[in-house]
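>
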Amino acid sequence: MTSVEELQAKIKDLEEKLLIATQKNVARQKIKEMSSEVVDSNPYSRLMALKRMGIVNNYEKIRDYTVAVVGVGGVGSVTAEMLTRCGIGRLILFDYDKVELANMNRLFFQPHQSGLSKVEAAAETLRNINPDVDIHTYNYNITTVENFDNFTEVLRKSSLSDGPVDIVLSCVDNFEARFAINTACNEFNLTWFESGVSENAVSGHIQFIVPGDTACFACAPPLIVASNIDEKTLKRDGVCAASLPTTMGIVAGFLVQNTLKYLLQFGQVTNYLGYSALTDFFPTMTLKPNPNCEDSYCRLRQKEFALKPKPEIAVEAKEEKPVHEDNEWGISLVDESKDVKDQVTVAEGVQLAYTLPNQAAVEECEEATADTDVSLDELMAQMKAI
Amino acid sequence: MVDESTRKTLSNIPLLKTKAGPREKELWVQRLKEEYQSLIKYVQNNKDADNDWFRLESNKEGTKWFGKCWFIHELLKYEFDVEFEIPVTYPTTAPEIALPELDGKTAKMYRGGKICLSDHFKPLWARNVPKFGIGHAMALGLGPWLAVEIPDLISKGVISYKEKSEK
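Listed in order, the protein sequences are those of chains F and X. So for the first sequence, our numbering puts the first residue at 1; every next one is plus one. So for the second sequence, our numbering puts the first residue at 1; every next one is plus one.
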């Protein structure tokens, strides 16, 4: 028999649960115009205060912008949440993965969302946080032939005025997807940010890429932030990747901060910002495009950029040098025709992931595949017949 | 970076010439022919050396590949389905080879059963664009992965020998 006290305790417990459950369904209404009125019920008051403080001139313009976030994982989901809370106009999410319990060491997703597609789960949470943001989702792998054309079409036509998106944020976790984004952005002249966290979870970076103006992802091998770990002591025994919510949150923060600066035109957008967690070291630099870049569209954008009149930046009375005028670290692109050392330091604490050989030094080979008149069908049949 | 025997295997896989991905309609056909020629030679070499370990075929467009690979451990033959797609950025980026049936059975895999390659693979691939093709990806990527992972998975009891019931 249960005692009265036990039943009362149970009722109290259930009442609390009911309260929490009903509160979950309280959604706020859409807000037509961003107001700077400071009242408890205005979700934008602290953002609009940036105007009053003279940091941003035109905060409400954020509602005109469209941002595409490619990859809604540890970095991308947090990026999307930050942009949603900032009141971005439209958010376009790409990912083909599902939420798993193994993702729970990262921010944003919750255990009850396991099994849902990341884009759908994210969209639901984000719409609840801020229904003013127009969220579009695409649940596919952008690197495959069947999806790539749709991917580029969405990037070109999905802004609020049916034009190209205002910026693309790469929050993917692999080289192939970064390269696919790079290819698309060079071809269709889209400004984008690359971001990444190392597989050992203790370094990360963001890189701002304006086709033709700054180095694209194909201009040089990927950059890695020195983690100051002796390679020999780094064990990769039985694991592919480690991750920390801290590093990912920090990188997402840098990414969105610079996205806001770019869209709302305040402060300076950093071209490359690295982060080494073990030493709390933050290298920054600017990377010029490689005139011999493998990507033909990158070279085309470089030509276009060279012809374009450069906007003169109005400088107020006191003469200030542009931040990156001096080249303290001797940063330069490496001429591939020269013999390159195994380890090229690009800036203090930043290295190329690997170096490329000069084209003459080819691995010894028995024979190059000869041009023959055999048709593809015959070859396919031959392969099957082995 | 690469041991002697791998180097020897590699030097016997014909290199490719055409730098073209699946988005380039005509050049891709040329590249695909080279891929097939190179693969046929590689498989033939393997057979001649009594080291036959995979079969692959593709769809008509050459964008989706599938087949089988096998691994001999203590005189028993373990067979796995292999599949991968040619990414739009191929051959600048290598194909991501997957063994779907082992998905979730080892930490050295990414989602969908894509094998986790060593730190050396991608730099080596990048240095050899466009000369490396699917055969090289198999020899440098899947081959070493199987050699390390399969004995480990067998010893852990994660995979076990199946009598050949089919065929």
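Just so you know, even glycine gets a beta-carbon here, dropped at the ideal spot from N, CA and C. Note that this is a predicted model, so its numbers are computed, not measured.
Roughly how many angstroms separate the alpha carbons of X/I86 and F/C298, rounded to a whole number?
Spanning the two alpha carbons is a distance of roughly 22 Å.
> Give the DSSP-derived three-state secondary structure of F/E364 in the structure shown.
Unreliable placement is indicated for F/E364, whose pLDDT of 48 sits below 50; no coordinate value is reported for it.
> Whole angstroms are fine: how far does the CA of F/A381 sit from the CA of F/E176?
For F/E176 and F/A381, the distance between alpha carbons rounds to 30 Å.
> Strictly under 8 Å for the Cβ-Cβ distance: is X/A137 near chain F by that measure?
No, X/A137 does not count as interfacial toward chain F.
> Please list, in chain order, the residues of the region 263-294 of chain F that have any C-beta partner in chain X closer than 9 Å.
For the region 263-294 of chain F, which is checked against every Cβ of chain X, the residues closer than 9 Å are E294.
> Using DSSP with H/G/I as helix, E/B as strand and the rest coil, what is X/K108?
Looking at X/K108 - three-state DSSP - the assignment turns out to be coil, as it is neither helix nor strand.
> For X/A147, return the contacting residues in chain F, with the cut-off set at a CB-CB distance below 9 Å.
The premise fails here: X/A147 is roughly 16 Å from chain F at the closest Cβ pair, so nothing lies under 9 Å.
> Whose Cβ in chain F lies nearer than 8 Å to the Cβ of X/Y36?
Correct list: L376, L379, M380, Q382, M383.
> Is X/Y42 close to chain F? Criterion is C-beta to C-beta, closer than 8 Å.
No, its Cβ sits nowhere closer than 8 Å to a Cβ of chain F.
> Using a Cβ distance threshold of 8 Å, determine whether the region 117-133 of chain X contacts the region 6-18 of chain X, with at least three qualifying pairs required.
Yes: the two stretches touch, three or more of their Cβ pairs being nearer than 8 Å.
> For a contact meaning CB atoms closer than 8 Å, what does F/C240 contact in chain X?
Chain X residues near F/C240: A107, K108, M109, Y110, C116.
> Using a C-beta cutoff of 8 Å, does X/V82 count as contacting chain F?
So no, X/V82 is outside the interface.
> Could you give the residue range of the alpha helix (DSSP H) that holds F/T125?
Note, F/T125: alpha helix (DSSP H), 118-129.
> At which residue ranges does the region 14-73 of chain F contain complete alpha helix (DSSP H) runs of 4 or more residues, listed in the order of the chain?
List check, alpha helix (DSSP H) in window: 45-52.
> Which of helix, strand or coil does DSSP assign to X/D81?
Strand, per DSSP.
> Is the region 50-65 of chain F touching the region 33-41 of chain F in the sense that three or more CB pairs, one from each, lie closer than 8 Å?
The region 33-41 of chain F is in contact with the region 50-65 of chain F.
> Please name the residue, chosen from F/V197, F/Q302, F/E294, that lies closest to F/A220 on a Cα-to-Cα basis.
If we check each option's Cα against that of F/A220, F/E294 comes out closest.
> Should the region 53-68 of chain X be regarded as contacting the region 78-98 of chain X, the criterion being three or more beta carbon pairs within less than 8 Å?
Flag = yes, the region 53-68 of chain X and the region 78-98 of chain X touch.
> What does X/E96 reach in chain F if we use C-beta pairs closer than 9 Å?
Within chain F, the residues near X/E96 are T143, N174, E176.
> Taking Cβ positions, are F/V172 and F/G71 nearer each other than 8 Å?
Yes, these two residues count as a Cβ contact at 8 Å.
> Taking C-beta pairs closer than 9 Å, name the residues in chain F that X/L102 reaches, listed in chain order.
Per Cβ cutoff of 9 Å: no residues; X/L102 is ~13 Å from chain F at best.
> On the premise that F/A353 lies in contact with F/L223, defined as a C-beta separation below 8 Å, what is that separation, rounded to the nearest angstrom?
Right, their Cβ atoms sit about 7 Å apart.
> Do F/E81 and F/L19 have their C-beta atoms closer together than 8 Å?
Not in contact: F/E81 and F/L19 (Cβ atoms no closer than 8 Å).
> Just the chain F side, please: which residues come within less than 7 Å of X/V158 by C-beta, in chain order?
Those within 7 Å of X/V158 in chain F number zero; the least Cβ separation is about 12 Å.
> Looking only at its chain, what residues have a beta carbon closer than 8 Å to the beta carbon of F/N258, apart from the 5 residues adjacent to it on each side?
Here the set comprises F193, I206, F208, V269, T270, L273.
> Compare the beta carbon distance of F/L107 and F/M248 with 8 Å and say whether it is the shorter of the two.
Closer than 8 Å, so yes.
> Starting from X/R127 and walking both ways along the alpha helix (DSSP H), at which residues does that stretch end?
X/R127 -> alpha helix (DSSP H) spans 121-127.
> Please return the same chain residues whose Cβ sits closer than 7 Å to the Cβ of F/Q302, not counting the five positions on each side in sequence.
Closer than 7 Å at the Cβ level, and outside the excluded window around F/Q302, lie G212, P289, P291.
> Take the Cβ of F/A416 as the centre, count every other Cβ of all protein chains shown within 10 Å, and call the residue buried at 16 or more, exposed below.
Because chain F in this structure spans residues 1 to 386, residue 416 of chain F falls outside the shown range and cannot be described.
> Can you list the residues of chain X that F/D213 reaches, using a CB-CB cut of under 9 Å?
What F/D213 touches in chain X: nothing, since even the nearest Cβ is about 22 Å away.
> If you follow the alpha helix (DSSP H) that X/Q37 is part of, which residue opens it and which one closes it?
X/Q37 -> alpha helix (DSSP H) spans 25-48.
> Taking the alpha carbon of X/K25 as the reference point, which residue from X/Q44, X/V88, X/S11, X/Y78 has its own alpha carbon closest?
Nearest of X/Q44, X/V88, X/S11, X/Y78 to X/K25, Cα basis: X/V88.
> With DSSP run on the structure shown, which of helix, strand or coil describes F/Y138?
Three-state DSSP puts F/Y138 in a strand.
> Is the CB of F/T183 under 8 Å away from at least one CB in chain X?
Chain X contact via Cβ: present.
> Check F/Y262 in the structure and name its three-state DSSP category.
In the structure shown, F/Y262 sits in a helix (DSSP, three-state: H, G or I).
> Using a Cβ-Cβ distance cut-off of 8 Å, determine whether F/Y297 contacts chain X.
Cβ-Cβ to chain X under 8 Å: no for F/Y297.
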